[in-house]
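Working notes for the structure below.
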Amino acid sequence: RMAAAPPSYCFVAFPPCSKDGLVVFGKNSARPRDEVQEVVYFAAAAHDPGSKVECTYIEIEQVPKTHAIVLSRPSWLWGAEMGANEHGVCVANEAVVTREPASESEALLGMDLVRLGLERGATAKEALDVIVALLEEHGQGGNYYEDGSSCHTFQSTFLIVDRNEAWILETSGKYWAAEKITEGVKCICNQLSLTTKIDAEHPELRNYVRSQGWWNGESDFNFSEVFSLADDHLACCSGRDSLGKQGGDVSAQAMIDVLRDKDSGVCVDSESFLTTASMVSVLPQDPSFPCVHYFTGTPDPSRSIFKPFIFVDDVKLVPKVQSPSFGNDDPAKKIPRFQEKPDRRHELYKAHEWARSLLENDQDKGQKLMRIMLDLEKQGLEAMEDILTRTEVLDPAEVVDLFYDCVDTELKFFK
Numbered sequence: 048r049m050a051a052a053p054p055s056y057c058f059v060a061f062p063p064c065s066k067d068g069l070v071v072f073g074k075n076s077a078r079p080r081d082e083v084q085e086v087v088y089f090a091a092a093a094h095d096p097g098s099k100v101e102c103t104y105i106e107i108e109q110v111p112k113t114h115a116i117v118l119s120r121p122s123w124l125w126g127a128e129m130g131a132n133e134h135g136v137c138v139a140n141e142a143v144v145t146r147e148p149a150s151e152s153e154a155l156l157g158m159d160l161v162r163l164g165l166e167r168g169a170t171a172k173e174a175l176d177v178i179v180a181l182l183e184e185h186g187q188g189g190n191y192y193e194d195g196s197s198c199h200t201f202q203s204t205f206l207i208v209d210r211n212e213a214w215i216l217e218t219s220g221k222y223w224a225a226e227k228i229t230e231g232v233k234c235i236c237n238q239l240s241l242t243t244k245i246d247a248e249h250p251e252l253r254n255y256v257r258s259q260g261w262w263n264g265e266s267d268f269n270f271s272e273v274f275s276l277a278d279d280h281l282a283c284c285s286g287r288d289s290l291g292k293q294g295g296d297v298s299a300q301a302m303i304d305v306l307r308d309k310d311s312g313v314c315v316d317s318e319s320f321l322t323t324a325s326m327v328s329v330l331p332q333d334p335s336f337p338c339v340h341y342f343t344g345t346p347d348p349s350r351s352i353f354k355p356f357i358f359v360d361d362v363k364l365v366p367k368v369q370s371p372s373f374g375n376d377d378p379a380k381k382i383p384r385f386q387e388k389p390d391r392r393h394e395l396y397k398a399h400e401w402a403r404s405l406l407e408n409d410q411d412k413g414q415k416l417m418r419i420m421l422d423l424e425k426q427g428l429e430a431m432e433d434i435l436t437r438t439e440v441l442d443p444a445e446v447v448d449l450f451y452d453c454v455d456t457e458l459k460f461f462k
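Residue numbers (my numbering): 48 to 462.
Here is the structure:
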């Protein structure tokens, strides 16, 4: 039996469903409970001709220039669960199970493709083109978890968003289909969701599924029906309802509230899985305003706070949300892989563990701490709202250590 894919959720809301001409993006990353996610920034860079880039399992050709990116990622791998680049492109992925078994041989992970799309695409459509070209060239495969005892493999779906449009990209092996979205609210989860509205696809997609006997070539071509196991795709997305309830007012705060919702299942806290990190982005459709990206860097958004990040030159790095690096001694890089699990907790994660035990063991103190934390988060949200509604241009010096300061303040409260 194939293991169930982790129940992550990704969302996007476009005006008029969202407030003030903003595109709002969000993701809860559900992963194995004890996995640590870090938040990392990489500056834009130029690369020598012929240079290579070492992804999680394989090495591929580098491109001449990569964009500045900020990622939330499981700290043992190269790629990311979710992230953004300096051009206001956001990408998140979902692991899915399709009728095509996912490959165990090491290739690109769906999470590597998230990072590659962000590094190489200046619009959502460019990021999509990058991802499908790399899928065609290198394929997807390899262990999704840091687990030496068994190989967990999945196919990938992606939500790719910029200030103007979003693409839902769903894949099985190297085959894919995509739908373009410019209005309303969309949620993707750990099941296929594309049906008959397909705006781009692998040139051989329909021939391939006919040759497999999965489609007769006569009926409407429905991607989820063709590729899903049994009726998997029918039960998708409790998430869509919770965001739909917000009416025409999806804001950063509304998206955060949806990601914190345990009753709807969007915030996962089960025996095997936990929401190990969350992200919300606000992309003004007016390009003279900056995009704002909020990250928790810690598990369970109902007990974490969302801290803002804005791309500017020389943005201050935040080592306190970065996991220790083990270089070539990392068990994830040695073959056979994952023979041991090093301690990957970063400083904020450790402080957060302490706070969590306080919440569990001393209700009064825990509640008081949570109120202080949420107040800090609210101040951040209000300051960002101010930036997004002003008439004068943002001074980069004002936000160069924005994320750094928020993490620092959070740590001080924990101490």
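In this text, a Cβ means the ideal position worked out from N, Cα and C, and glycines have one as well. From a predicted model like this one, the values you see are computed outputs, not experimental measurements.
Residue i lies in the beta strand (DSSP E); which residues open and close that run?
i           : result
residue 132 : 129-132
residue 474 : Outside the displayed range of the chain (48 to 462) lies residue 474, so it cannot be described from this structure.
residue 73  : 69-79
residue 118 : 116-121
residue 141 : 137-143
residue 233 : 232-235
residue 202 : 202-208
residue 341 : 339-342
residue 368 : Counting along the chain, residue 368 falls outside any beta strand (DSSP E), and DSSP gives it neither H nor E.
residue 57  : 56-60
residue 320 : 320-331
Just the Cα atoms here: how many angstroms apart are residue i and residue j?
i           : j           : result
residue 157 : residue 210 : 23 Å
residue 103 : residue 217 : 21 Å
residue 451 : residue 86  : 11 Å
residue 307 : residue 349 : 5 Å
residue 65  : residue 339 : 15 Å
residue 455 : residue 94  : 33 Å
residue 226 : residue 247 : 7 Å
residue 344 : residue 266 : 46 Å
residue 410 : residue 326 : 27 Å
residue 322 : residue 289 : 17 Å
residue 413 : residue 296 : 31 Å
residue 181 : residue 404 : 43 Å
residue 71  : residue 434 : 16 Å
residue 100 : residue 108 : 6 Å
residue 333 : residue 133 : 15 Å
residue 193 : residue 183 : 26 Å
residue 277 : residue 268 : 16 Å
residue 336 : residue 426 : 20 Å
Would a C-beta distance cut-off of 8 Å place residue i and residue j closer than the cut-off?
i           : j           : result
residue 315 : residue 60  : no
residue 447 : residue 361 : yes
residue 331 : residue 431 : no
residue 341 : residue 299 : yes
residue 154 : residue 189 : yes
residue 117 : residue 171 : no
residue 195 : residue 63  : no
residue 174 : residue 164 : yes
residue 352 : residue 406 : no
residue 121 : residue 82  : yes
residue 128 : residue 139 : yes
residue 201 : residue 91  : no
residue 460 : residue 416 : yes
residue 146 : residue 258 : no
residue 69  : residue 329 : yes
Residues in the same chain with beta-carbon distance under 6 Å from residue i, minus the five sequence neighbours each way, listed in chain order, please.
i           : result
residue 110 : 167
residue 252 : 222
residue 49  : Note that residue 49 scores 48 on pLDDT, short of 50, meaning its location in the model is unreliable; the coordinates nonetheless yield the value given after this. Cβ neighbours of residue 49 beyond the five flanking positions: 144.
So residue i and residue j are in contact, right, with Cβ under 8 Å, and what is the actual spacing, rounded?
i           : j           : result
residue 88  : residue 313 : Actually they do not touch by this definition, with Cβ atoms about 27 Å apart.
residue 367 : residue 394 : 4 Å
residue 191 : residue 199 : 5 Å
residue 240 : residue 219 : The pair is not a contact, with the Cβ atoms about 13 Å apart (cut-off 8 Å).
residue 6   : residue 123 : Since the first residue of the chain shown is 48 and the last is 462, residue 6 is not available in this structure.
residue 385 : residue 80  : The pair is not a contact, with the Cβ atoms about 16 Å apart (cut-off 8 Å).
residue 119 : residue 324 : 5 Å
Going along the chain, which residues of its own chain have a beta-carbon closer than 7 Å to the beta-carbon of residue i, five neighbours each way excluded?
i           : result
residue 235 : 57, 141, 204, 206 and 215
residue 177 : 163, 164, 167 and 168
residue 273 : 256, 261 and 262
Consider the C-beta atom of residue i and the heavy atoms of the ligand SAM; say whether any pair is separated by less than 7 Å.
i           : result
residue 254 : Absence of the ligand SAM from the depicted structure is noted, as is the absence of any ligand whatsoever, leaving it without description.
Within the same chain, show all residues whose beta-carbon is closer than 8 Å to that of residue i, passing over the 5 residues directly before and after it, in chain order.
i           : result
residue 442 : none
residue 229 : 61, 211, 212 and 213
residue 365 : 86, 88, 450, 451 and 454
residue 245 : 224, 225, 226, 268 and 270
Which residue comes first and which comes last in the alpha helix (DSSP H) that contains residue i?
i           : result
residue 88  : Run containing residue 88: none in the alpha helix (DSSP H); it sits in the beta strand (DSSP E), 84-89.
residue 301 : 299-306
residue 109 : Neither: residue 109 is in no alpha helix (DSSP H) and is coded neither H nor E.
residue 404 : 394-408
residue 313 : From DSSP, residue 313 is part of no alpha helix (DSSP H); its letter is neither H nor E.
residue 359 : Per DSSP, residue 359 belongs to no alpha helix (DSSP H) and is neither H nor E.
residue 510 : Examination of residue 510 is not possible in this model, given that the chain is present from 48 through 462 alone.
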